[in-house]
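Just so we're aligned: the sequence shown equals residues 1024 to 1315 in the working numbering.
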Amino acid sequence: MIKNELINVEEVLDLMLDAVCVVDKQGTFVFVSAAFEQIFGYTADEVVGKKMINYVYEGDHYKTHNAVTSLLSGETVNPRFENRWMRKDGQIVHILWSVRWSEQHQVRIAVAHDITERKVMEEQLQYMARHDVLTGLPNRSLLMERLEKVIISATTNNTFFSLLFIDINGFKAVNDTHGHETGDKLLCAIAKRLSASVRHYDTVGRLGGDEFLIILDNLSSSHETVRIKNKVLTEFKAVFKLDDVLLNISPSIGIANYPEHGQTDHELIKYADQAMYKNKQQGLDNVTYLPQ
């Protein structure tokens, strides 16, 4: 017996955990291996003769067309690229493709490797790196990134924005008296109230400890800043109910307006921080602007 008589290629392909697909020059499925159903939810009978692009996530149609065009033009010999597909059950799967074009048979042969689990883990790690673990708010790193973008936009479009630097009065006493678990619950409750005080496109973040920063983007004037600040103060008028602990908590708030009080992230945050500190020193449940 010769070697080819001992091997049924299709049976071998069906043993693979990755899906093997053959698509003609018109973009129609000619063949898919058994693993295709495991990854995408469709049997071979359901997809053979159908257009491949119909199963690609709509948001990735353009990049997929570009990859195919590059392959057919000979610009890329053995491309590897990622895109998203829609499973039969409606879920999105992330696929890493290894593809080559067979000039002899006028088809492209592709191997699909499911990287959804890896992508989900990467997204979770990215989220954790940019958000506060306790409150879920943007952390200092993400705050600085967003502030930088707001500064660039305001400079380019000649728009106005403000920062609110917020420190929680008496927070250390809460921790010392009721314990850190209650302190953590209070921070989470504060985060919710601050988020409820602003517009959907503003950013509320936690700098660390009991310090929060709010970026109020695209404001009409400083009067709008004061209006939102007053809304924050109103949110703190209600008692914080944390299980069997009732707390009256007030914030100290410092405001910095762009470009009046600074033109860089460091200048603006420093100004707002100093304004907040002066407010706290005076014991006021209000906002203080530093003197020029």
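Where is the CB? At the ideal position from N, CA and C, for every residue including glycine.
Which of helix, strand or coil DSSP assigns to residue i
i, result
"Lys1111", "coil"
"Arg1222", "coil"
"Tyr1281", "strand"
"Asn1192", "coil"
"Ile1138", "coil"
"Ala1057", "coil"
"Ala1298", "helix"
"Leu1160", "coil"
"Ala1042", "strand"
"Val1249", "helix"
"His1128", "coil"
Cβ pair residue i, residue j closer than 8 Å
i, j, result
"Lys1074", "Thr1051", "yes"
"Asn1302", "Gly1277", "yes"
"Leu1209", "Phe1263", "yes"
"Leu1239", "Val1221", "yes"
"Ala1135", "Ala1279", "no"
"Val1045", "Ile1132", "yes"
"Gly1193", "Ile1272", "yes"
"Leu1265", "Ala1212", "yes"
Where residue i falls, given that 16 or more other Cβ within 10 Å makes a residue buried
i, result
"Met1144", "exposed"
"Lys1172", "exposed"
"Asp1137", "buried"
"Asn1252", "The sequence given here places Lys at residue 1252; Asn does not occur at that position. Per the 10 Å Cβ criterion, buried."
"Val1032", "exposed"
"Val1197", "buried"
Cβ shell of residue i (< 6 Å), same chain only, five flanking positions each side left out
i, result
"Leu1165", "Arg1153"
"Tyr1300", "none"
Cβ shell of residue i (< 8 Å), same chain only, five flanking positions each side left out
i, result
"Arg1141", "His1117"
"Pro1161", "Arg1153, His1154, Asp1155, Arg1169, Thr1226, Val1227, Gly1228, Arg1229"
Spatial neighbours of residue i in its chain, beta-carbon cut-off 7 Å, leaving aside the 5 residues before and after
i, result
"Ser1056", "Leu1036, Asp1037, Met1039, Ala1042, Val1043"
- Task: Check whether the region 1179-1188 touches the region 1223-1237, counting contact only when three or more Cβ pairs, one atom from each stretch, lie closer than 8 Å.
- Result: Because the criterion of three Cβ pairs below 8 Å is met, the region 1179-1188 and the region 1223-1237 touch.
- Query: Between the region 1080-1089 and the region 1100-1119, are three or more C-beta pairs nearer than 8 Å?
  - Reply: Taking a cut-off of 8 Å on C-beta distances, the region 1080-1089 touches the region 1100-1119, as three or more cross pairs fall below it.
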